[in-house]
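In short: position in the sequence shown from 1, add 1, done, that's our numbering.
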Amino acid sequence: MRLITLALAALLLLIQYPLWLGKGGWLRVKDFEGQVDASHKKNAELIARNAKLDSEVRDLKDGTGAVEERARYELSMIKQNEIFIQIVGKGQATAPPPLAPKPPEN
């Protein structure tokens, strides 16, 4: 009787092995669910980034405000008859002054 009990217990363990550790086991499913959640999070971040870039592209295509803002910020450009003042704190490197606008050609 003891031998039959041990054989049935071993058979039960062998049957449980694929359920826990096999190809479609619960542990592997749990791991895949974690990967899917990470992919969803990454996709949400990329969608937000793409929406931001899309709105920036639309602003650049439609209006001059965005183009002017980029020119002022990135290229330190100024309008004609405009005064450029830059305040530099201690320990900050000074940036080269912006290019003066060309005088109109006659």
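Note that the Cβ used here is the ideal one computed from N, Cα and C, for glycine as well. This structure is a prediction, so every number in the text was calculated from the model and none was measured.
- Contact check for residue 67 against residue 75 fails: the beta carbons are separated by 8 Å or more.
- The straight-line gap separating the alpha-carbon atoms of residue 42 and residue 25 is approximately 24 Å.
- The three-state secondary structure of residue 81, taken from DSSP, is coil.
- Exclusion of the five residues before and after residue 61 leaves 67 and 68 as the residues of its chain whose Cβ lies within less than 7 Å of its Cβ.
- In the structure shown, residue 26 falls within a coil segment according to DSSP collapsed to helix, strand and coil.
- Assigned with DSSP and collapsed to three states, residue 90 falls in coil, not helix or strand.
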